[in-house]
Ligand SMILES: Cc1ncc(COP(=O)(O)O)c(C=O)c1O
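Numbering (the numbering used here), first residue to last: 1 to 362.
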């Protein structure tokens, strides 16, 4: 492997003279009276600190996160959701109209959408039939225009974790960045790839506080990478990308690890129970193994189930049109009561279908 981060960065970003925010400059020189950012000096209709721009680098939140994740604060980037980080990486490394990213469908749709918005090509190498990475095909397809490979593990919408050896093979054989999106890692037994950051300069790990941490509304995505990469990301991001309220609420929430761990246990217990209950239903063809907080379920007629659940005001995600996901719905694990309602609604539909009754009467 011959990875050189500086060579990978777009020329215009390398030459960028970044915006230096007022708060960055005044905090650095320990100013006491802030007349440098055109804020309202008299106060805020809310708590007093909201009249001030927030810490542009979210140092306190990163300090706490670094202890939880056993990494340095300098290796952490916080984005307005991981979606912001995906977009930022594409803009830093891919020249519009020239470069490409590589994705492995079926997977999280924003990698492709962000690329298209930025006029970046998308190379697609489908997952194998058991939803694992097709390493020979991926390695065959990458060329000097391929700058980023996005791998989602556990994968959305399939739910499975990718084999660690495959991830390592990509890291060892690709001179661009391998971005491993671990939005659902808290629900898996497999360890985060954060532990590999010291070994692989081309590794970026994405996580989020939107899933297990229960903070989807705050919009806090986490990126982990080399300190060199994080400082480039800091240069390109909007100066105050994380609001002050999100930062203070995150600090409060990060004290509640025990509660989050309890929810993870509840979710994975319900995941097993739901998978077993669904497998017993005659309208279900297959329940795929999941390392996430959802199940991908193949039905005889997904459309029918989708509408039957909608009629009961239960929303699930119809993934039938996705590669390899024919007749599949993605069902988030709910509370036990919510999950019961899903099962009961499908059972009710089964009873209305003549073949089911015929089968039952035999
Ligand atoms: C795999 C994956 N990555 C990233 C995200 C986006 O997360 P965030 O809320 O941090 O933007 C999602 C959201 O569903 C996801 O499924």
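Glycine residues also receive a C-beta, built at the ideal position from the N, C-alpha and C atoms.
All of these numbers come straight from a predicted model, not from anything done at the bench.
Q. So which residues touch the region around ligand 1, with touch meaning a C-beta under 5 Å from any heavy atom?
A. This selection yields 81, 82, 83, 108, 152, 156, 181, 183, 208, 210, 221.
Q. Roughly how many angstroms lie between the CA atoms of residue 94 and residue 116, to the nearest whole one?
A. Whole-angstrom Cα-Cα distance: 11 Å.
(Q) Following a CB-centred definition, is residue 11 positioned closer than 7 Å to any heavy atom of ligand 2? (A) The model on display carries ligand 1 but not ligand 2.
Q: Run the CB neighbour count on residue 352, radius 10 Å, all protein chains shown included, and call it buried at 16 or more, exposed below.
A: Only exposed fits residue 352, as fewer than 16 other CB atoms lie within 10 angstroms of its CB.
**Q.** Ranges of the alpha helix (DSSP H) found wholly within the region 242-288, counting only runs of at least 4
**A.** Fully enclosed alpha helix (DSSP H) runs of 4 or longer: 244-253, 257-279.
Q.
So residue 13 and residue 149 are supposed to be a Cβ contact under 8 Å. How far apart are they, rounded?
A. Actually they do not touch by this definition, with Cβ atoms about 19 Å apart.
Q.
Here's a check: name, in chain order, each residue in its chain whose Cβ is nearer than 8 Å to the Cβ of residue 129, leaving out the five neighbours to either side.
A. Cβ within range, chain order: 324.
Q | Proximity of residue 3 and residue 175 at Cβ, strictly below 8 Å | A | At a Cβ-Cβ threshold of 8 Å, residue 3 and residue 175 count as neighbours.
Q | alpha helix (DSSP H) runs wholly inside the region 52-130, at least 4 long, in chain order | A | The qualifying runs are 59-69, 82-93, 110-117.
Q: May I ask you to report which of helix, strand or coil DSSP gives residue 178?
A: The answer is strand: DSSP assigns residue 178 an E or B state.
Q) Of the residues 279, 132, 236, which one's Cα is nearest the Cα of residue 20? A) Ranking 279, 132, 236 by Cα distance to residue 20 puts 236 first.
Q.
Please report the straight-line C-alpha distance between residue 441 and residue 247, rounded to a whole angstrom.
A. The shown model of the chain, from 1 to 362, leaves out residue 441, and the question about it has no answer.
Q: Just tell me which of 146, 125, 145 has its CA closest to the CA of residue 137.
A: Comparing Cα positions, the closest option is 125.
Q | Alpha-carbon to alpha-carbon, residue 110 and residue 120 | A | The alpha-carbon atoms of residue 120 and residue 110 are separated by roughly 13 Å.
Q: Quick one: measure Cβ to Cβ for residue 264 and residue 186, integer angstroms, because I've assumed they're closer than 8 Å.
A: Correct: roughly 5 Å between the Cβ atoms.
Q) Would residue 274 be called buried (16 or more neighbouring beta carbons within 10 Å of its own) or exposed? A) Residue 274 comes out buried.
Q: State yes or no: is the C-beta of residue 84 within less than 8 Å of the C-beta of residue 221?
A: Note that the C-beta distance between residue 84 and residue 221 is below 8 Å.
Q. Counting along the chain, where does the alpha helix (DSSP H) carrying residue 137 start and finish?
A. Residues 135-141.
(Q) Using only the alpha-carbon positions, how far apart do residue 24 and residue 60 sit? (A) The straight-line gap from Cα to Cα measures roughly 14 Å.
Q: Rounded to whole angstroms, what's the CA-CA distance from residue 260 to residue 15? Just pull it up for me.
A: Residue 260 and residue 15 have their C-alpha atoms spaced approximately 43 Å apart.
(Q) Alpha carbons only, please: which of 104, 22, 283 is nearest the one belonging to residue 55? (A) Check the Cα spacing between residue 55 and each of 104, 22, 283: the tightest is with 22.
Q: Confirm, please, whether the CB-CB distance from residue 190 to residue 166 is below 8 Å.
A: Cβ distance not < 8 Å, so residue 166 and residue 190 don't count as in contact.
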